[in-house]
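Trainee: Listed in order, the protein sequences are those of chains R and S. Counting from 1, one number per residue, gives the positions in the first sequence under our numbering. Counting from 379, one number per residue, gives the positions in the second sequence under our numbering. Cβ coordinates follow ideal geometry from the N, Cα and C atoms, glycine included. Here you go, one structure.
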Amino acid sequence: MKILALSQKESQDILSNKIYLLLIFVQLMIILGAFGLAMASSIVTDPNLIDQWQGSTIIKVGITQDLNGSSLEKNLKEQKLNLIYFNTAQEGIRELGSSMVAMIYLKNSQGDIGLETNNANVFYPVVSDKISMALNSYRLEQKLSKQGLSFQQIKVIKNPVFLKETPINKNSAAPLAIDSSYFVEIMYGFIIPFIVLLPFFLASNIVTDSVVGEKERKTFEILLMAPLSSSMVMIGKILPILSFSIMQSAAWIVLLWLLKVPVYNIIPLLVLLFFLGLGFSGMGIIISMLVDSTKEANSAITLLLFFATFVLFVPLFMNIPSIQSILNLIPTVIIVRMTSTPVIEAPVLLSFIPTVTLSLLIFVIAVYSFKRERAIRL
Amino acid sequence: MRYWTISKWELKNTLQSRKFLLIFFFQLTVLVMMVFFFNGFMANIESQEGVGLTPSLNEFASLDVDDPQGIFKKNLNPEILKIGLANNDSSQSLKQGKLNGLLLVQNTSDSINYLSPLQSEILIDYSDPKRSVVRDEVILASNKTASIISQQMIDKIIPNSGNINEPQIQEQTTGESLPMQLIKKIMTAILLFLPLFLFGNLVVDSIVGEKERKTGEILIAMPISRSYIILGKSLAVIMTMAIQVALWIIIMLVAGFSLGNPLLVYLIVVISAVPIVGITTIVAAYAKNFKEAGIGITFAYIGIVGFLIVPALAYIAQQGNNISFSSMTLVIKIFSGESLRWGDIIIPMIFILIISIFSYGSAIWLFKKDEIVFGPRPGIVKLFMDFIGITTIIRKIKGF
């Protein structure tokens with residue numbers, strides 16, 4: 001019951017702080033912003049999506065008049081590119097960088113094609129794909145047209161692979177905001193781990209402020225004299241913020257589901273987040289025991305969070321086969337694997353072990369350092 | 379120069395703290411680590427086909443393949459797909475959600491010999507969100523396979539097909555790809571501005587600390603105006619930031635970063651510190667305690683980072699057609715080697731000046747109020763009305 005009293009007091013301190021509540025609102029804005037950015041960049045980089053969202057009409061590609069009526073022009077139009085006609089290539093090349101992404105022109109009488117592109121344009125990847133397909137088709141047509149091949153033969157050579165897609169489990173199809181590989185990769189590969197970990201980064205800051213603040217207000221000795229064991233005091237301090245952080249993460253998961261980004265294996269995910277939060281809070285306590293002022297504590301916590309962000313998120317963007325087995329044990333990588341599939345495999349759950357062990361170890365060290373501080377001060 | 383006395387005290391206290399010095403140099407170590415990983419990341423990303431900012435998802439989706447000749451399978455991406463051999467259990471695993479896709483490919487030789495399209499089928503588990511990854515990767519492999527099979531068909535039908543003239547494509551690209559610009563320019567700019575956000579606690583400690591330690595009365599009782607107290611404390615923090623920014627720039631130059639005009643970059647970053655410290659001072663002046671100040675600063679810094687980064691991103695997306703008010707954009711333009719217009723320099727400096735005057739003015743106004751320093755602190759709405767003069771007007775009206 002005493003631990004509940006301590007937890008209650010901590011909870012009241014947190015909830016009475018309007019700025020903390022405001023920060024929840026800021027997190028919400030960050031999440032919606034990240035989601036919007038993922039959607040926008042997915043549409044911009046996917047040729048099929050950009051056609052669906054009528055984005056092709058704003059992508060301008062220049063072409064010289066001498067290609068008007070040619071099979072290349074026909075192929076470019078089939079790619080739904082917005083063609084702008086110029087009398088000369090130079091006129092079109094001058095427009096590159098402002099409104100146009102590419103300029104296509106006839107180089108010589110042999111039918112060789114010149115292509116100038118603006119690599120820095122945000123639509124360059126999509127336009128490059130579309131132009132490549134049109135040019136490949138054009139080259140093949142030019143190559144084969146003089147060889148006496150039938151229309152049927154040319155058609156097969158142009159499209160030699162027939163790929164049929166058969167959906168399985170369509171009745172239980174996962175709801176997706178955008179059916180795009182880029183969207184799925186960026187959401188599950190980075191944004192979901194980032195969103196669910198956001199509340200825990202704040203947690204270590206609050207725990208540190210709570211303990212160091214007690215030292216500076218000279219109420220720390222009163223805390224040390226509380227008729228509770230050191231571990232119970234630690235739990236009482238950490239439990240409220242840990243609970244709030246888990247509730248926030250759960251709320252963000254619900255929000256993602258509403259935005260049609262399903263997050264799977266929620267219970268194991270929350271268990272992993274609990275231990276991660278325990279580790280962060282434990283580090284916050286250890287730092288609080290080592291420093292004397294909030295200035296030093298906040299500098300140290302900022303560095304810790306910096307380091308943690310680095311360790312947790314940089315591996316998501318690195319591909320180093322030699323240490324892949326170690327990278328697979330990093331919590332964010334586990335989150336990626338767990339949240340992106342409805343069916344979880346046993347090896348993924350086993351990979352929790354290092355995180356759980358490390359977090360418990362940090363907590364034990366935090367309790368030990370608190371005990372030591374208690375012995376010194378009292 | 380009375381504020382210089384305060385600055386000297388603050389600097390002396392800060393630099394004499396061994397723990398602070400430890401953290402100061404530890405931050406430099408973190409920077410060295412970041413530079414090391416950044417260079418490694420750049421080398422990794424430049425060695426791949428194209429440049430992308432997608433996460434590195436090793437064996438993200440699973441796909442079993444039945445491809446007798448292996449031409450299709452060879453073109454699948456083994457980094458993102460966990461490719462397995464199709465067997466009797468594949469279909470069942472697909473339905474149970476243990477497998478994301480099953481690719482069935484006809485005999486390629488038959489297709490070439492009989493000049494018929496290669497029949498292939500991809501069965502995808504729609505209950506898994508990774509369906510689009512499997513589909514797109516298979517389509518990509520299908521396109522690559524199509525090029526190979528087309529050539530084989532042509533070679534079969536047309537002897538000496540290598541001698542047939544086909545139109546050549548000569549491509550020239552201008553500009554740097556957007557992901558590379560984001561990585562090189564934005565990340566480098568973020569590294570340069572990072573020290574400005576690591577010392578907010580110095581401001582908090584020097585102002586909120588006076589309230590918490592009950593030494594505020596002693597400070598205010600000294601023959602120094604409250605304006606000088608605020609300005610002196612802020613100057614000490616700016617000087618500390620300037621030292622670290624200088625050290626960071628030296629490390630970045632040694633690591634091979636190209637900063638264009640390092641001295642000018644340094645000057646702009648340090649000048650940018652002035653309004654950031656000003657805004658931090660407002661939060662510190664208003665906050666009752668360290669916890670409140672810490673959370674308030676987090677909130678304020680999110681806004682400041684957005685103010686700096688969003689125009690920089692817009693500048694890169696629009697390829698520098700417009701003048702930006704963000705000093706980060708100016709720094710990017712300098713180390714990109716672009717020629718600067720007067721507006722590129724003057725507009726951000728004007729913004730810095732306006733925000734600095736407003737922030738320090740507000741902080742001093744707050745610090746001059748006894749109810750803010752000693753309590754009870756009035757609410758934000760009342761303060762805002764007081765600030766814009768509505769309270770004075772109401773008092774005058776009531777007076778009439």
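I'd like to know if R:S16 contacts chain S, where contact means its C-beta is closer than 8 Å to some C-beta of that chain.
Mentor: Sequence index remark: in the first sequence, residue 16 of chain R carries index 16 (1-based). Chain S contact via Cβ: absent.
Trainee: So, R:T309 versus R:P331, is the Cβ gap smaller than 8 Å?
Mentor: Taking the first sequence and counting its residues from 1, the one referred to as residue 309 of chain R is at position 309. Taking the first sequence and counting its residues from 1, the one referred to as residue 331 of chain R is at position 331. Here R:T309 is not near R:P331, since their CB atoms are 8 Å or more apart.
Trainee: So what does DSSP say about R:D209, is it helix, strand or coil?
Mentor: What you label residue 209 of chain R is simply residue 209 of the first sequence in a count that begins at 1. DSSP, read as helix, strand or coil, puts R:D209 in helix.
Trainee: Against chain S, does R:Q324 count as a neighbour if the rule is that its beta carbon must be under 8 Å from one of theirs?
Mentor: Here residue 324 of chain R refers to the residue found at position 324 when the first sequence is read from its first residue. Look at R:Q324: its C-beta is under 8 Å from a C-beta on chain S.
Trainee: Assess, as a yes-or-no matter, whether the stretch 163–181 of chain R is touched by the stretch 197–211 of chain R under the definition of 3 or more beta carbon pairs within less than 8 Å.
Mentor: The answer is no - the stretch 163–181 of chain R does not touch the stretch 197–211 of chain R, with fewer than three Cβ pairs under 8 Å.
Trainee: Relative to the alpha-carbon of S:P399, which residue among S:F577, S:T486, S:V516, S:K460 has its alpha-carbon at the smallest distance?
Mentor: In the second sequence, counting from the first residue as 1, residue 399 of chain S sits at position 21. One point to set straight first is that residue 399 of chain S is Leu, not Pro, in the sequence displayed. Considering only alpha carbons, the answer is S:F577.
Trainee: Quick one: Cα of S:G638 to Cα of R:I195, how far?
Mentor: Position 260 of the second sequence, counted from the start, is the residue given in the question as residue 638 of chain S. Position 195 of the first sequence, counted from the start, is the residue given in the question as residue 195 of chain R. Straight-line Cα distance between these residues: approximately 36 Å.
Trainee: Between R:L287 and R:I266, how many whole angstroms is the CB-CB distance? I'm expecting something under 8 Å.
Mentor: Working through the first sequence from its first residue, we reach residue 287 of chain R at position 287. Working through the first sequence from its first residue, we reach residue 266 of chain R at position 266. What sits at residue 287 of chain R in the sequence shown is Ile, not Leu. Incorrect: roughly 31 Å between the Cβ atoms, too far for contact.
Trainee: Name, please, each residue of chain S whose Cβ falls closer than 8 Å to the Cβ of R:Y124.
Mentor: Locating residue 124 of chain R in the first sequence gives position 124, where the first residue counts as 1. Residues of chain S whose Cβ lies closer than 8 Å to the Cβ of R:Y124 are, in chain order, S555, L556.
Trainee: Taking the straight line between their C-alpha atoms, what separation do you get for R:L32 and R:S41?
Mentor: Numbered from its first residue, the first sequence carries residue 32 of chain R at position 32. Numbered from its first residue, the first sequence carries residue 41 of chain R at position 41. Put simply, the backbone Cα of R:L32 is about 14 Å away from that of R:S41.
Trainee: By the 10 Å Cβ neighbour count, where 16 or more other Cβ atoms means buried, how is R:F222 classified, buried or exposed?
Mentor: Along the first sequence, read from residue 1 onward, the residue named residue 222 of chain R stands at position 222. Going by the sequence as given, residue 222 of chain R is Ile instead of Phe. It is exposed - the Cβ of R:I222 has fewer than 16 other Cβ atoms within 10 Å.
Trainee: Quick one: grab the DSSP three-state call for S:T593.
Mentor: Here residue 593 of chain S corresponds to residue number 215 of the second sequence, with the count starting at 1. Three-state DSSP puts S:T593 in coil, outside helix and strand.
Trainee: Measure from the C-beta of R:K2 to each C-beta in chain S and report whether the shortest distance is under 8 Å.
Mentor: On the first sequence, residue 2 of chain R is found 2 positions in, with the first residue counted as 1. Not one chain S Cβ lies under 8 Å of R:K2.
Trainee: Kindly give me the distance between the Cβ atoms of R:I191 and R:A34, rounded to whole angstroms, as I take these residues to be in contact under 8 Å.
Mentor: If you number the first sequence from 1, residue 191 of chain R lands on position 191. If you number the first sequence from 1, residue 34 of chain R lands on position 34. About 5 Å separates the two Cβ atoms, so the contact holds.
Trainee: Count the other CB atoms, across all protein chains shown, that sit within 10 Å of the CB of S:K589; report buried if there are 16 or more and exposed otherwise.
Mentor: Within the second sequence, the letter at position 211 stands for residue 589 of chain S. Counting Cβ neighbours within 10 Å, S:K589 comes out buried, since at least 16 surround it.
Trainee: Going by other Cβ atoms of all chains shown within 10 Å of its Cβ, with 16 needed for buried, is R:N121 buried or exposed?
Mentor: Stepping through the first sequence from its first residue, residue 121 of chain R is reached at position 121. By the 10 Å Cβ count, R:N121 comes out buried.
Trainee: Suppose you measure from the CA of R:S150 to the CA of S:A439; what does that come to, to the nearest Å?
Mentor: Here residue 150 of chain R refers to the residue found at position 150 when the first sequence is read from its first residue. Here residue 439 of chain S refers to the residue found at position 61 when the second sequence is read from its first residue. The straight-line gap from Cα to Cα measures roughly 41 Å.
Trainee: Please report the distance separating the alpha-carbon of R:L329 from that of R:S351.
Mentor: Along the first sequence, one-based indexing puts residue 329 of chain R at 329. Along the first sequence, one-based indexing puts residue 351 of chain R at 351. Each residue's alpha carbon lies about 6 Å from the other.
Trainee: Suppose you measure from the CA of S:I725 to the CA of S:I629; what does that come to, to the nearest Å?
Mentor: Mapped onto the second sequence, residue 725 of chain S falls at position 347. Mapped onto the second sequence, residue 629 of chain S falls at position 251. Between S:I725 and S:I629, the C-alpha separation is close to 30 Å.
Trainee: Got a sec: is the Cβ-Cβ distance from S:A695 to anything in chain R below 8 Å?
Mentor: The sequence position of residue 695 of chain S within the second sequence is 317, counting from 1. Judged by the 8 Å Cβ criterion, S:A695 is in contact with chain R.
Trainee: With a threshold of 8 Å between beta carbons, is S:K476 in contact with chain R?
Mentor: Locating residue 476 of chain S in the second sequence gives position 98, where the first residue counts as 1. Output row for S:K476: interface = yes.
Trainee: Just curious, the beta strand (DSSP E) that R:N118 is in, first and last residue?
Mentor: Locating residue 118 of chain R in the first sequence gives position 118, where the first residue counts as 1. From DSSP, the beta strand (DSSP E) with R:N118 extends over 113–118.
Trainee: What number of angstroms, rounded off, separates the C-alpha of S:L493 from the C-alpha of R:I326?
Mentor: Taking the second sequence and counting its residues from 1, the one referred to as residue 493 of chain S is at position 115. Taking the first sequence and counting its residues from 1, the one referred to as residue 326 of chain R is at position 326. Rounded to the nearest angstrom, the two C-alpha atoms are 49 Å apart.
Trainee: Return the residue from the list R:D66, R:Q152, R:Q153 that minimises the CA-CA distance to R:G114.
Mentor: Indexing the first sequence from 1 puts residue 114 of chain R at position 114. Here the closest residue by C-alpha is R:D66.
Trainee: Does the stretch 364–375 of chain R come close enough to the stretch 535–550 of chain S to have 3 or more Cβ pairs within less than 8 Å?
Mentor: Contact between the stretch 364–375 of chain R and the stretch 535–550 of chain S is absent, because fewer than three Cβ pairs lie under 8 Å.
Trainee: In chain S, what lies closer than 9 Å to R:Q147 by C-beta?
Mentor: Translated into the one-based positions of the first sequence, residue 147 of chain R becomes position 147. Within 9 Å Cβ-Cβ: I532, I535, I536, S539, I542.
Trainee: Using the three-state DSSP reduction, which class does R:P47 fall into: helix, strand or coil?
Mentor: Here residue 47 of chain R corresponds to residue number 47 of the first sequence, with the count starting at 1. In this structure, DSSP gives R:P47 a helical state, which the three-state scheme calls helix.
Trainee: Consult DSSP for R:E216 and reduce its assignment to one of helix, strand or coil.
Mentor: The residue labelled residue 216 of chain R in the question sits at position 216 within the first sequence. Looking at R:E216 - three-state DSSP - the assignment turns out to be helix.
Trainee: Residues of the stretch 252–285 of chain R with a CB closer than 7 Å to any CB of chain S: list them in chain order, please.
Mentor: P262
Trainee: Run through chain S and tell me which residues come within less than 7 Å of R:D66, C-beta to C-beta.
Mentor: Within the first sequence, numbered from 1, the residue matching residue 66 of chain R stands at position 66. Under the 7 Å cutoff, chain S gives no residues; its nearest Cβ is about 14 Å from R:D66.
Trainee: For S:K386, name the three-state secondary structure that DSSP assigns.
Mentor: As a first step, residue 386 of chain S is located in the second sequence; it is residue number 8 there, counting from the start. DSSP places S:K386 in the helix class (H, G or I) of the three-state scheme.
Trainee: Start and end of the beta strand (DSSP E) containing S:E670?
Mentor: Taking the first residue of the second sequence as 1, we reach residue 670 of chain S at position 292. Careful: S:E670 lies outside any beta strand (DSSP E), inside the alpha helix (DSSP H) at 668–695.
Trainee: Counting only Cβ pairs nearer than 7 Å, list the residues of chain R close to S:A622.
Mentor: Counting from one through the second sequence, the residue named residue 622 of chain S turns up at place 244. In the sequence under discussion, the amino acid at residue 622 of chain S is Gln, which differs from the Ala named in the question. Simply none; closest approach about 12 Å.
Trainee: So which residues on chain S does R:T309 lean against when the C-beta distance must stay under 9 Å?
Mentor: Start at 1 with the first residue of the first sequence, and residue 309 of chain R comes out as number 309. Chain S residues near R:T309: none, gap ~11 Å exceeds 9 Å.
Trainee: Need the endpoints of the beta strand (DSSP E) that R:P167 sits in, please.
Mentor: For the purposes of this step, residue 167 of chain R is taken as residue 167 along the first sequence, with counting starting at 1. Run containing R:P167: 161–168, per the beta strand (DSSP E) assignment.
Trainee: Under the rule that 16 or more other beta-carbon atoms within 10 Å means buried, what is S:R719, buried or exposed?
Mentor: Looking up residue 719 of chain S in the second sequence gives position 341. Counting Cβ neighbours within 10 Å, S:R719 comes out exposed, since fewer than 16 surround it.
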